[in-house]
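Student: Chains as they are written, first to last, in this note's numbering: chain D, 1 to 242; chain Y, 243 to 724.
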Amino acid sequence: MIFMTAIITRGLNKKYGKLEALSELSIEVQEGESFCLLGPNGAGKSTTISILTGSIEPSSGSATVMGIDVAKDPIGARKMIGIVPEMEYPPSFLTVREYLDMVCSIRNVENPEPRIAKWIEFFDLKSKEDTLCKDLSKGTKKKVIIAAALIHEPKLLFLDEPFLDLDPIVQHNMKEYLSSYVRDGGTVFLSTHILEIAEKLCGRAGILYNGRLIASGKVSELKKSQESLEDVFMRLVKEEGA
Amino acid sequence: MSANMFWLFIKEEYRAQSSMFRSSFLMYPVMIFVLTCLMGLMLLPMRMSLSTYELITLAQVGVFMSGMLVGGMAMLQETILERRMSGIRLLLNIPMTLPISNKRVFTHFYFKDILYYICMNVVPVVLGLYASTFVTGININLPLAALTFILSFMIGVSVSFALSTVAVRSRSLFAVSLLVIVVLSYLATIGQASALYGIGRFMPTVGVYISMSMPDVAISIVVFIVLSAVSLLFTREMPHQIEKRYKSNFRGIQGRFKPFGHYATLAAKEWIDLMRSGGIGSVLFSFVLPLLFLWGLLWMMSNMITFMGDGETITLPFNTIFYSIIIGFFASLVYGWLNNIDNNANYRMLPVSMTDVIKAKLILFVVLNAVVSVAYLGLISFSRGELMLLPFGLFTMFMVSGYIGVLTAYMTGVFTNSLMFDYKVFSIYALAVVPVLIVLIVLSFYPSMLILETIATALLGVAAYLLLGKIDRKWGRTEFRA
Numbered sequence: 001m002i003f004m005t006a007i008i009t010r011g012l013n014k015k016y017g018k019l020e021a022l023s024e025l026s027i028e029v030q031e032g033e034s035f036c037l038l039g040p041n042g043a044g045k046s047t048t049i050s051i052l053t054g055s056i057e058p059s060s061g062s063a064t065v066m067g068i069d070v071a072k073d074p075i076g077a078r079k080m081i082g083i084v085p086e087m088e089y090p091p092s093f094l095t096v097r098e099y100l101d102m103v104c105s106i107r108n109v110e111n112p113e114p115r116i117a118k119w120i121e122f123f124d125l126k127s128k129e130d131t132l133c134k135d136l137s138k139g140t141k142k143k144v145i146i147a148a149a150l151i152h153e154p155k156l157l158f159l160d161e162p163f164l165d166l167d168p169i170v171q172h173n174m175k176e177y178l179s180s181y182v183r184d185g186g187t188v189f190l191s192t193h194i195l196e197i198a199e200k201l202c203g204r205a206g207i208l209y210n211g212r213l214i215a216s217g218k219v220s221e222l223k224k225s226q227e228s229l230e231d232v233f234m235r236l237v238k239e240e241g242a
Numbered sequence: 243m244s245a246n247m248f249w250l251f252i253k254e255e256y257r258a259q260s261s262m263f264r265s266s267f268l269m270y271p272v273m274i275f276v277l278t279c280l281m282g283l284m285l286l287p288m289r290m291s292l293s294t295y296e297l298i299t300l301a302q303v304g305v306f307m308s309g310m311l312v313g314g315m316a317m318l319q320e321t322i323l324e325r326r327m328s329g330i331r332l333l334l335n336i337p338m339t340l341p342i343s344n345k346r347v348f349t350h351f352y353f354k355d356i357l358y359y360i361c362m363n364v365v366p367v368v369l370g371l372y373a374s375t376f377v378t379g380i381n382i383n384l385p386l387a388a389l390t391f392i393l394s395f396m397i398g399v400s401v402s403f404a405l406s407t408v409a410v411r412s413r414s415l416f417a418v419s420l421l422v423i424v425v426l427s428y429l430a431t432i433g434q435a436s437a438l439y440g441i442g443r444f445m446p447t448v449g450v451y452i453s454m455s456m457p458d459v460a461i462s463i464v465v466f467i468v469l470s471a472v473s474l475l476f477t478r479e480m481p482h483q484i485e486k487r488y489k490s491n492f493r494g495i496q497g498r499f500k501p502f503g504h505y506a507t508l509a510a511k512e513w514i515d516l517m518r519s520g521g522i523g524s525v526l527f528s529f530v531l532p533l534l535f536l537w538g539l540l541w542m543m544s545n546m547i548t549f550m551g552d553g554e555t556i557t558l559p560f561n562t563i564f565y566s567i568i569i570g571f572f573a574s575l576v577y578g579w580l581n582n583i584d585n586n587a588n589y590r591m592l593p594v595s596m597t598d599v600i601k602a603k604l605i606l607f608v609v610l611n612a613v614v615s616v617a618y619l620g621l622i623s624f625s626r627g628e629l630m631l632l633p634f635g636l637f638t639m640f641m642v643s644g645y646i647g648v649l650t651a652y653m654t655g656v657f658t659n660s661l662m663f664d665y666k667v668f669s670i671y672a673l674a675v676v677p678v679l680i681v682l683i684v685l686s687f688y689p690s691m692l693i694l695e696t697i698a699t700a701l702l703g704v705a706a707y708l709l710l711g712k713i714d715r716k717w718g719r720t721e722f723r724a
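(1) Between Ile441 (chain Y) and Val303 (chain Y), is the Cβ-Cβ spacing less than 8 Å?
(2) Please check if any C-beta of chain D sits within less than 8 Å of the C-beta of Lys354 (chain Y).
(3) At a Cβ threshold of 8 Å, is Val464 (chain Y) touching chain D?
(4) For Ile670 (chain Y), does the count of other Cβ atoms within 10 angstroms reach 16, so buried, or fall short, so exposed?
(5) Taking only three categories from DSSP, how would you classify Ile214 (chain D)?
(6) Does the beta carbon of Pro168 (chain D) come closer than 8 Å to any beta carbon on chain Y?
(7) Would you verify that the beta carbon of Ala612 (chain Y) is, or is not, closer than 8 Å to some beta carbon of chain D?
(8) When you check each C-beta in the region 578-599 of chain Y against every C-beta of chain D, which residues fall closer than 7 Å?
(9) Strictly below 8 Å CB to CB, what residues from chain D border Ser473 (chain Y)?
(10) Going by the beta-carbon positions, is the gap between Gly82 (chain D) and Leu164 (chain D) smaller than 8 Å?
(11) Between Met102 (chain D) and chain Y, is the shortest Cβ-Cβ distance under 8 Å, so that the two count as touching?
(12) Pairs of beta-carbons, one from the region 590-597 of chain Y and one from the region 103-120 of chain D, closer than 8 Å: are there three or more?
(13) Quick check on DSSP: helix, strand or coil for Tyr352 (chain Y)?
(14) First and last residue of the alpha helix (DSSP H) that includes Ile83 (chain D)?
(15) Just curious, the alpha helix (DSSP H) that Gly61 (chain D) is in, first and last residue?
(16) Output needed for Ser419 (chain Y): all residues of its chain with C-beta closer than 8 Å, excluding positions within five of it in sequence on either side, in chain order.
(17) How do the region 645-665 of chain Y and the region 575-588 of chain Y stand: do at least 3 beta-carbon pairs fall below 8 Å, yes or no?
(18) Could you give the first and the last residue of the continuous beta strand (DSSP E) run that contains Glu28 (chain D)?
(19) If the criterion is Cβ atoms closer than 8 Å, does the pair Glu32 (chain D) and Val182 (chain D) meet it?
(20) Is there a Cβ of chain Y sitting closer than 8 Å to that of Glu113 (chain D), yes or no?
(21) What are the complete alpha helix (DSSP H) segments, minimum 4 residues, inside the region 85-161 of chain D?
(22) Measure from the C-beta of Pro366 (chain Y) to each C-beta in chain D and report whether the shortest distance is under 8 Å.
(23) Taking only the alpha-carbon atoms, compute the straight-line gap between Val347 (chain Y) and Val365 (chain Y) and give it to the nearest angstrom.
(24) Use the C-beta contact count for Asn383 (chain Y): other C-beta atoms within 10 angstroms, 16 or more gives buried, fewer gives exposed.
(25) Using 8 Å for Cβ pairs, my map puts Tyr488 (chain Y) next to Thr95 (chain D). What's the rounded Cβ distance?
(26) Taking Ser519 (chain Y) as the query, report the chain D residues whose CB atoms sit under 7 Å from its CB, ordered along the chain.
(27) Tell me, which residues are paired with Ile7 (chain D) by DSSP?
(28) State the Cα-Cα distance for the pair Arg719 (chain Y) and Ala698 (chain Y), rounded to the nearest angstrom.
(29) Less than 8 Å between CB atoms is the rule here; does Met1 (chain D) satisfy it with respect to chain Y?
(30) With distances taken between CB atoms, is the gap from Leu277 (chain Y) to Gly370 (chain Y) smaller than 8 Å?
(31) Determine, for Ile106 (chain D), whether the minimum Cβ-Cβ distance to residues of chain Y falls below 8 Å.
(32) Residues of chain D with CB closer than 7 Å to the CB of Thr507 (chain Y), please, in chain order.
(33) Is the region 120-137 of chain D in contact with the region 84-102 of chain D, if contact means three or more CB pairs nearer than 8 Å?
(34) Would Ser260 (chain Y) pass as an interface residue toward chain A - the criterion being a Cβ-Cβ separation below 8 Å?
Okay, structure coming up:
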């Protein structure tokens with residue numbers, strides 16, 4: 001099996017006025033790998049995902065996703081990937097089923113019906129499939145957003161805090177699904193505050209602090225003896241802040 | 243009421259406006275001042291047709307109506323919080339996290355809105371009207387005008403607030419209330435010299451201005467207090483959640499838009515948004531109000547021309563072509579409505595560009611135009627016995643609305659309702675639209691120039707086509723944001 005590099009960033013910078021949200025970020029994520037971006041609030045995790053998914057342009061540097069230069073062809077890149085933004089809701093006036101139908105249509109999914117049925121069942125949405133998305137609970141909206149990101153079975157997933165608002169059963173099912181997804185060759189780029197999830201799901205991790213990557217490598221290598229990922233995170237952030 | 247919280251609400255309103263519209267929102271009262279000043283100049287010709295009583299009633303009704311527009315807050319409360327500003331948390335949300343009742347917070351919000359819009363709307367109107375008197379020489383009592391306009395505005399806000407509170411509680415009671423108002427208004431005009439005399443009887447502020455009637459001042463204040471208190475009392479403590487369900491028909495609707503190729507999916511989504519949000523009512527209604535405005539404008543124009551012609555009655559030849567230009571302009575405003583329904587941020591998850599969304603909205607704009615505007619123009623043409631002019635009128639209407647609609651899309655993208663308040667954008671828009679409309683309207687007065695008019699409108703079609711091609715360069719890389 002030949003693996004290619006799924007994500008490459010070189011000297012990625014993003015400035016909002018005088019604020020430097022991201023500074024010289026260079027990372028590589030191989031296909032079939034699960035990479036986790038950790039960092040305190042405002043470290044630049046969501047900015048990184050927004051750049052990599054073509055939502056915003058970097059101030060300088062380059063980013064390639066599945067061989068596509070995201071800055072040059074954001075739509076082309078978005079065709080290849082699934083995205084779960086941190087705070088996003090499905091369109092207010094479509095029902096759950098209609099929204100998934102729309103996503104399949106935009107993504108040119110052939111024979112969408114079985115796939116829609118599969119994800120409606122996976123997230124236990126049967127009783128809500130005809131409900132307007134604006135009338136759903138926060139957790140159910142999150143399920144719909146994740147279903148929409150997975151429905152075209154992309155090879156690369158960008159997940160920004162995907163477990164927020166999900167109940168423990170769905171969280172468990174999602175973890176199981178993502179583990180099997182990576183085993184089958186899928187790539188996951190995950191941003192989360194929940195270090196236990198990162199430790200369980202990800203082979204490699206990077207720690208962002210004030211927009212800079214302060215550590216990166218295999219989770220097992222980042223840890224010193226008897227350390228948890230949480231200990232590593234706290235140690236590195238404290239060292240950087242000192 | 244807490245002075246501290248009231249001040250916080252005022253600061254929030256200022257910051258919300260300044261972050262949405264930058265410094266442009268400060269141009270808004272200036273524009274109101276200039277417009278009122280110009281309208282004040284119209285008092286000279288209007289005095290030829292209307293008595294002082296009618297003019298005062300007209301002014302008070304105008305200010306009352308602007309209060310009505312501000313007052314529909316009970317209806318908008320949930321919409322503001324849930325959809326359009328989903329990424330923004332307002333002070334109105336604090337009852338969800340702090341031990342304070344929704345009624346108490348909403349009371350502050352209500353009085354903040356009244357004070358804020360008195361400063362932004364009523365004060366510039368009073369000053370604009372007063373400034374015009376230096377040219378017209380008409381005597382206006384400034385303190386009395388200020389007092390009565392503020393009272394009319396406050397009554398307008400409270401009436402609208404009361405009606406919207408009723409509407410939120412019971413749609414049928416709201417319909418009955420509206421019917422009662424219409425019937426009472428009609429009964430008031432029976433036996434009167436004009437409708438304005440009848441309406442004036444319902445406006446206590448008219449009596450205040452004319453005769454400094456203290457009972458009328460008291461009535462105005464009591465009406466405001468009673469309606470406000472009752473409405474605030476019936477404001478819901480918790481948002482009323484109803485789960486709406488629909489059988490999925492996405493593919494059926496998408497099929498209807500199939501001729502539009504790969505835009506069919508997004509156009510279908512926009513169509514569903516419009517239908518289920520109640521936006522279609524706004525679209526239809528957005529034609530009715532401007533047409534009424536047009537009727538008033540034409541009436542004023544004929545008065546003005548008669549006035550300038552030393553009292554000699556002159557009839558302007560307003561024909562189907564003229565109405566097609568005006569309806570074409572009004573139709574273009576529908577594009578703004580389409581950007582007012584739902585947040586577009588969700589598209590950042592999908593392989594969709596801003597250009598795709600803009601073009602899908604333009605498709606819906608054309609479809610609505612093809613039904614609603616054609617119906618309006620057909621009715622006008624038929625009622626005027628000018629069906630021979632209808633084909634030319636339709637062509638003109640489509641070219642005008644197409645040009646202005648595409649121009650709006652090019653200049654504002656999906657941010658029409660905020661960018662149109664940017665005075666730079668608005669100035670360019672006005673420069674690109676007003677001269678064109680003036681030339682076409684003047685040409686429409688001369689039936690012998692019908693061919694020239696048709697060529698001119700065809701050129702607008704070409705301009706629209708060229709602008710359409712430039713939308714991608716301007717908006718293609720714009721981020722979808724909440």
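Quick reminder that beta carbons are idealized off the backbone N, C-alpha and C, glycines included.
These numbers come from a predicted model, not from an experiment.
Tutor: So, from the data block:
(1) yes
(2) no
(3) no
(4) exposed
(5) strand
(6) no
(7) no
(8) Asp584, Ala587, Asn588, Arg590, Met591, Leu592, Pro593, Val594, Ser595
(9) Those within 8 Å of Ser473 (chain Y) in chain D number zero; the least Cβ separation is about 25 Å.
(10) no
(11) yes
(12) yes
(13) helix
(14) First-last for Ile83 (chain D): 81-84, but that is the beta strand (DSSP E), not the alpha helix (DSSP H).
(15) Segment 60-65 is the beta strand (DSSP E) holding Gly61 (chain D); no alpha helix (DSSP H) there.
(16) Leu405, Val408
(17) yes
(18) 19-30
(19) Going by the sequence as given, residue 32 (chain D) is Gly instead of Glu. Result yes, Cβ atoms of Gly32 (chain D) and Val182 (chain D) sit closer than 8 Å.
(20) no
(21) 96-106, 112-122, 138-150
(22) no
(23) 26 Å
(24) exposed
(25) 5 Å
(26) Phe93
(27) D:Val29, D:Val65
(28) 34 Å
(29) With a pLDDT of 48 at Met1 (chain D), under the threshold of 50, the modelled position of that residue is not reliable, and the figure given next carries that caveat. No, Met1 (chain D) does not count as interfacial toward chain Y.
(30) yes
(31) yes
(32) Met102, Ser105, Ile106
(33) yes
(34) Although the question refers to chain A, the structure presented lacks it and instead comprises the protein chains D and Y.
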